[in-house]
Every structure is written in C-alpha cells, then in structure tokens.
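So for the sequence shown, our numbering puts the first residue at 617; every next one is plus one.
In this text, a Cβ means the ideal position worked out from N, Cα and C, and glycines have one as well.
Here the structure comes first, spelled out in structure tokens, and everything after it is commentary.
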Amino acid sequence: MQPQFVADVTLYAPERGGRNSVAYPGWGCPCMVTRTEPLVGYDAWPLLGDRPLEPGAKRRVGFVFLSEEGAEAMRQAGTFYLWEGGFIGEAKVVAKVD
C-alpha cells in the first residue's frame, strides 16, 4: 500500500493519556488537525510494517487515509493528532508522497 505522506509519530505514554497497549500493524484511528472543538476527524492507518508501535514510542511511518480530503487536511496542517476516545498521540508531516 502506497502512503499518501510520511510523518514522525509519537504515541503518548499511558500517563500522558495515551494507549495502555501496543498498536499492532493494521491498527488505525481518526486523525484531527486540532485539539479544540469542534473536532473533525479523518480515518487513517499508519503503515507500521511488521513492527508494533509501543506506547511512548516515536517512529517515522507512512500514512494512508480513507479519503484524499483527510490526507490533504493533515498535509496542510503539518501537525495532527491521533484520537482513540481521547488524544493518544501526535504526528508531524515530514515528506509528501506523489
């Protein structure tokens, strides 16, 4: 699967409100361009390859969005936030993929 862009992802540690468990390959979540309401999210999948992402970890990964509109919103924002019942991480776009 070809990513729409590449981003540096930080998954918050549980004590910062992050996940209590590992994010396994195939995991996805809504992404938001802002932490303020009204929250508008776009479904996305970080391409984790064959390695899970641990709470508190940072990693550079590709992202695939369900809609091009969502990918473009995140590219324009530059920094975006991962949501799973609360903000569990953040990402910064580092490379656009054509």
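{"Item": "Trp661 beta carbon less than 8 angstroms from that of Gly644", "Value": "yes"}
{"Item": "8 angstroms Cβ cutoff met for Val709 and Arg691", "Value": "yes"}
{"Item": "Close-in-space but distant-in-sequence residues of the same chain around Phe703 (CB under 7 angstroms, 5 per side omitted)", "Value": "Gly633, Arg651 and Tyr697"}
{"Item": "Contact check, Leu655 vs Leu627, beta carbons under 8 angstroms", "Value": "no"}
{"Item": "Backbone secondary structure at Met617 - three-state DSSP", "Value": "coil"}
{"Item": "Best match in Pro619, Gln620, Val677 and Leu664 for proximity to Val638 [C-alpha to C-alpha]", "Value": "Leu664"}
{"Item": "Unbroken alpha helix (DSSP H) run spanning Ala689, endpoints", "Value": "Glu684 to Ala693"}
{"Item": "Residue span of the beta strand (DSSP E) that contains Trp643, given as start and end", "Value": "Careful: Trp643 lies outside any beta strand (DSSP E) and carries neither H nor E."}
{"Item": "Same chain, Cβ closer than 6 angstroms to Ala687, five either side skipped, listed in chain order", "Value": "Gln620 and Phe681"}
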